[in-house]
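Q:
Residue numbers (the numbering used here): 1 to 109.
Structure below.
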């Protein structure tokens with residue numbers, strides 16, 4: 001069974017949702033550590049959207065990537081990747097992952 005790793009772009013369901021949370025099947029970026037994901041069966045992910053709103057927590061994905069849109073670092077969620085049938089899409093470039101992690105930090109600390 002697939003266990004997501006930090007820096008994986010994955011496809012999974014964000015349903016159910018409430019309010020302004022992202023919903024439906026969509027790509028996401030895994031930001032939690034591999035050992036946590038493996039041990040807990042959950043992964044912390046940031047949803048990816050094709051929205052073009054200006055937001056300091058949105059990180060644009062470069063052209064040429066197999067995933068398009070913006071990584072929504074302000075909508076970090078912990079999800080059961082097995083129950084949501086997570087599937088690997090591709091690996092995120094390290095510089096992009098580091099940018100996302102920098103934007104998450106002030107939200108959590």
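Where a beta carbon is used, it is the ideal one built from N, C-alpha and C, also for glycine. Computed from a prediction, not measured in an experiment: that's the story for all the values here.
With which residues is residue 61 paired in a DSSP beta bridge?
A: None, per the DSSP bridge assignment.
Q: Bridge partners for residue 42 per DSSP, in chain order?
A: Under DSSP, residue 42 forms a beta bridge with 80.
Q: Can you name the residues that DSSP bridges to residue 49?
A: 70
Q: Could you check the C-alpha separation between residue 82 and residue 49 for me, to the nearest Å?
A: 22 Å
Q: What separation, rounded to the nearest whole angstrom, lies between the Cα atoms of residue 8 and residue 106?
A: 22 Å
Q: Suppose you measure from the CA of residue 86 to the CA of residue 46; what does that come to, to the nearest Å?
A: Roughly 13 Å between the two C-alpha positions.
Q: Which of helix, strand or coil does DSSP assign to residue 4?
A: coil
Q: Within the chosen definition, does the stretch 96 to 104 reach the stretch 59 to 79 through at least 3 CB pairs nearer than 8 Å?
A: yes
Q: Rounding to the nearest angstrom, what Cα-Cα distance links residue 21 and residue 28 in this structure?
A: Low confidence applies to residue 21: its pLDDT is 47, below 50, so where it sits in the model is not reliable enough to give any reading.
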